[in-house]
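Every number in this note's numbering is 564 more than the matching position in the sequence shown, counting from 1.
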Amino acid sequence: MKTLFESNTLGNPRKHLLIPALVILAIDQVTKILAVAKLEDREPIDLFWTLRLNVIRNKGASFSLGTAYTSLLAVVAILAAIAIFTLSKSAKTPVSSAFFGVVLGGVLGNVIDRIFRSRGGFLNGGVVDFIDFQWWPIFNVADMALVVGLPILLILRLREDREDG
């Protein structure tokens, strides 16, 4: 009997992609709405160890690189979302399809910020980051989905390719 990881039947493959994408997107956007409403323009809130809640708007990419290219980064992220959706059609198991969804949700979470949280024109918004360890760049739920989802997706895809021959 094959496990979920080995199943070649996806049933409804869009369901395996869209549900994780929508869950990640919803959690990301709700936490950002709350962070902006409760934390923006306030002193950071220390939680424990070095973890604090501290809202910033990152107009760059990871580690705030490329802040002068916000619109270009937004376009690249939109193209990445389209590519992820297209590549997800090649998923061979429900789990790999789900991780395409996790990654898609992460990309869309940050793209939405660049489109709808703009104070300086279309596609010029800063991504809301609020989880701050003080020794690592400040991040959000979408970033976590990308950092966890991409390597797992890569491992799953490599494993599927190896099993195929």
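Glycine included, C-beta positions come from ideal geometry on N, C-alpha and C.
Item: Exposure label - ILE597; buried when at least 16 CB within 10 Å; Value: exposed
Item: Among PRO658, ASN704 and TRP699, the one whose alpha carbon lies nearest that of ARG621; Value: ASN704
Item: Beta-carbon proximity check, LEU617 vs ALA590, cutoff 8 Å; Value: no
Item: Whole-angstrom distance between ILE702 and LEU718, CA atom to CA atom; Value: 25 Å
Item: Of the listed residues LEU714, LYS656 and GLU607, nearest to ALA706 (C-alpha basis); Value: LEU714
Item: Three-state secondary structure assigned by DSSP to ARG683; Value: coil
Item: Straight-line gap, MET708 to GLY670 (C-alpha atoms, nearest Å); Value: 8 Å
Item: Best match in TRP613, VAL619, LEU615 and THR614 for proximity to GLU607 [C-alpha to C-alpha]; Value: VAL619
Item: Per DSSP, cross-strand counterpart(s) of VAL610; Value: This sequence places Asp at residue 610; Val is not what is there. Answer is ARG616.
Item: Buried versus exposed, by CB contacts within 10 Å (16 or more), PHE697; Value: exposed
Item: Counterpart residues of ASN622 in DSSP-defined beta bridges; Value: VAL691
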